[in-house]
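Residue numbers (the working numbering): 33 to 168. Only one structure is covered here, and it is reproduced in the block below.
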Amino acid sequence: MKIELACNELHGGCKLDGQNYAMWHGKIQYFLHHKKIIDHLTTSMAEPKEPENGQTAQYRSELDAYNKWLEQDMSARFTMLTCMHDNLIREYKKYPMAKELWEGLKVAYGSISASRLRALTLRFNQYVLDPKHSMI
Numbered sequence: 033m034k035i036e037l038a039c040n041e042l043h044g045g046c047k048l049d050g051q052n053y054a055m056w057h058g059k060i061q062y063f064l065h066h067k068k069i070i071d072h073l074t075t076s077m078a079e080p081k082e083p084e085n086g087q088t089a090q091y092r093s094e095l096d097a098y099n100k101w102l103e104q105d106m107s108a109r110f111t112m113l114t115c116m117h118d119n120l121i122r123e124y125k126k127y128p129m130a131k132e133l134w135e136g137l138k139v140a141y142g143s144i145s146a147s148r149l150r151a152l153t154l155r156f157n158q159y160v161l162d163p164k165h166s167m168i
């Protein structure tokens, strides 16, 4: 609930809808930076393997660090998902880590793919061909 309220405050109620990625991207980065979990967008951490000779102090320390990191990662991921429209949540909840989710969104919305460029060109051409729009 706290994250959803913060998301609404941050976005003014605006959630990622696929058309507003550039604005959403910056705001999410700002929010996660403020929460001190922005590094989860670019880093990952592997779960430590238990040594064959049993649990050692070093292993327990590494496991504690991993569990803390995992909790923060879930918070970053949940924040991003909460700040999306429902149809996008259904599509992107499959990503288990914040970094994977961030990269998946960047591939889908952050770059100009051939199909996206074609769609933008079609929209522009429709605008130009509309007699109500002057190009002067």
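Yeah, the Cβ is synthetic: ideal placement off N, Cα and C, and Gly gets one too. In this text, all values refer to a predicted model and were calculated from it rather than measured experimentally.
- Partner residues in the beta bridge of residue 116, as assigned by DSSP, are 48.
- Between residue 103 and residue 80, the C-beta gap is not smaller than 9 Å, which leaves the two residues out of contact.
- For residue 87, the secondary structure class from DSSP, reduced to helix, strand or coil, is coil.
- When rounded, the separation of the alpha-carbon atoms in residue 154 and residue 121 is 28 Å.
- Across the structure, residue 62 and residue 151 are spaced so that their CA atoms are roughly 30 Å apart.
- Pairing residue 58 with residue 140 gives a Cβ-Cβ distance that is not under 9 Å.
- By the Cβ test, the region 107–119 is not in contact with the region 84–98, since fewer than three Cβ pairs between them sit closer than 8 Å.
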